[in-house]
Structure formats: structure tokens, C-alpha cells
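*Asks:* The opening position of the sequence shown corresponds to residue 203 in this note's numbering, with each subsequent residue numbered one higher.
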Amino acid sequence: MKQNLSIKEWAEDDRPREKAVQKGIASLSTVELLAILLGSGSGDESAIQLAQRILNSVSNNLNELAKLSLSDLIANFKGVGVAKGVTIQAAIELGKRRAVSDTLARNMVRGSRDVYDIFLPFVMDLPHEELWMACVNHSNQIVDKQRISQGGISETAADIRLILKKAISALATGIVLCHNHPSGSIRPSRADDDLTKRVGQAAKIMNIRLLDHLIIGGKKYYSYADEGKLD
Numbered sequence: 203m204k205q206n207l208s209i210k211e212w213a214e215d216d217r218p219r220e221k222a223v224q225k226g227i228a229s230l231s232t233v234e235l236l237a238i239l240l241g242s243g244s245g246d247e248s249a250i251q252l253a254q255r256i257l258n259s260v261s262n263n264l265n266e267l268a269k270l271s272l273s274d275l276i277a278n279f280k281g282v283g284v285a286k287g288v289t290i291q292a293a294i295e296l297g298k299r300r301a302v303s304d305t306l307a308r309n310m311v312r313g314s315r316d317v318y319d320i321f322l323p324f325v326m327d328l329p330h331e332e333l334w335m336a337c338v339n340h341s342n343q344i345v346d347k348q349r350i351s352q353g354g355i356s357e358t359a360a361d362i363r364l365i366l367k368k369a370i371s372a373l374a375t376g377i378v379l380c381h382n383h384p385s386g387s388i389r390p391s392r393a394d395d396d397l398t399k400r401v402g403q404a405a406k407i408m409n410i411r412l413l414d415h416l417i418i419g420g421k422k423y424y425s426y427a428d429e430g431k432l433d
């Protein structure tokens, strides 16, 4: 890598923007894409070098980059201010929203993988737990999807009455629960088991089926339905 040169002083083929125009945006490395977002470096390093330093700090893992808050970016990386930090977060959020849009065409619950694909964009980078619910009709098409609660690092509370109220309001014949484990572990806790059992029993009284309860931890998930642990 060329040291102590601004991007404008690099050979034209090495400049990220020019490379994108000539060869297409897909030809750029992750470092080059991030450098374009940054626009410039600091007084003693280029945008490319700043981008490399940021990515090195998260082991070149974009999922870990997404977990950095605005204050983390500003405090830990010289050359990153509010404008650059918000630009990085905006790009990450666009990626999440594209993932959400992609799931709309598959807005039907046919199995645990569908549940995972639907909810992953909402919970994948959260530092705390959130509980989400999807309501489905008799054809297992999702008619409503919303967050029920959010909590701390290790747990979140859930009001079963609220869950059933939302299901009844949506005229749902079935519901799916999903929450994340920020630790990355997908092993259900005793509280997870208890919630699943109580929601399933309460829903059954209203002739509503609990189709699944998914626990997402990073790129893995645990399905109560797949494990045969739904009544």
C-alpha cells in the first residue's frame, strides 16, 4: 500500500471512485468501499488507511462493524467525526433495510428458516435482547409483524396478554415468536422455555397456534418447532 499519499495522489487505477466507474462497484474491496464512505482520512493517513484501521479493529467482520455505536466510531478512530460516523451507520442501515425488503417477497412461514430470514435483519446487530412476533393467517402468510419488548443483555420481559391482544387484533390463526441472544449462544434458557410454554397454552385457548419460537444468535438459530418442543 502506498504510504503518506492522499487518494488523489494515487495512480488513477488505484483510486476507489475511479475504479468503481471503470470496473463497476463490485470490483472494489471492502476497504475501498468503506474509504468511499469516509471520503477523506486525517492529517497523517489516507481514507484507505483509515478504512483499513477501522476494519482491522473488527477483524474485517462487517457484522461486528455494525455493532459499533456512533460514539464508538468517534472515540476510537482519529479522523472519524459525526459526519463520517453517521455516513457509515447510514450505509449499514441501508443494507439492513434491503435485507428486510428481500424478505417481503417471502412473507410466508413454511418452516424455521423462513422465520430466521424474516427476523434476522431486525435483531442481528443488537447489543440487547428483543422479542418479536409475527401473526399469520390460515395460509401461514404473515399479516402483522412487530416488536413486543426489549430488554437487557441477557433477557427481555414479555407480556402474554399483549401478545394475545395483538394476535386477536390481527385476526391471526397462528403466531411466531423470535428473540435474539446477543451473546451468540442459541441455547434456550429456563425463562425461554417457560415463555414458550405459557404463550402456547394461552394461545391454544383462543384457537391460535404457536407455530414456532426462534432464538437467533449470530448466524445460528434454535427452533422450538424443529426440536419438537411445542405442545
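Heads up, the beta-carbon is just placed ideally off N, CA and C, and yes, glycines get one too.
Please read these numbers as outputs of a predicted model, since none were measured by experiment.
Would DSSP call Leu397 helix, strand or coil?
*Replies:* For the purposes of this step, residue 397 is identified with residue 195 of the sequence shown, where counting begins at 1. Helix, per DSSP.
*Asks:* Would you check if there are 3 or more beta carbon pairs closer than 8 Å linking the stretch 426-433 to the stretch 410-418?
*Replies:* yes
*Asks:* Is the Cβ-Cβ distance between Ala228 and Leu240 less than 8 Å?
*Replies:* By one-based count along the sequence shown, residue 228 stands at place 26. By one-based count along the sequence shown, residue 240 stands at place 38. No, the pair does not count as a contact, with Cβ atoms beyond the cut-off.
*Asks:* Please determine if the stretch 334-343 and the stretch 378-385 are in contact, where contact requires at least 3 C-beta pairs separated by less than 8 Å.
*Replies:* yes
*Asks:* Looking only at C-alpha atoms, which of His340, Lys298, Gln343 sits nearest to Leu328?
*Replies:* Taking the sequence shown and counting its residues from 1, the one referred to as residue 328 is at position 126. Answer by Cα proximity: Lys298.
*Asks:* In its own chain, which residues sit with a C-beta less than 6 Å from the C-beta of Lys269, not counting the 5 before and 5 after it?
*Replies:* Counted from its first residue, the sequence shown places residue 269 at position 67. Answer for Lys269: Asp327, listed in chain order.
*Asks:* Might you give, ordered along the chain, the residues of its own chain that have their beta carbon closer than 7 Å to the beta carbon of Leu275, omitting 5 neighbours on each side?
*Replies:* For this step, residue 275 is matched to residue 73 along the sequence shown. Contacts found: Val282, Gly287, Ile290.
*Asks:* Any contact between the stretch 317-326 and the stretch 363-370? By contact I mean 3 or more CB pairs, one from each, below 8 Å.
*Replies:* Touching, no.
*Asks:* How would you write the range of the beta strand (DSSP E) that Glu332 sits in, first residue to last?
*Replies:* Start at 1 with the first residue of the sequence shown, and residue 332 comes out as number 130. Its beta strand (DSSP E) spans residues 332-338.
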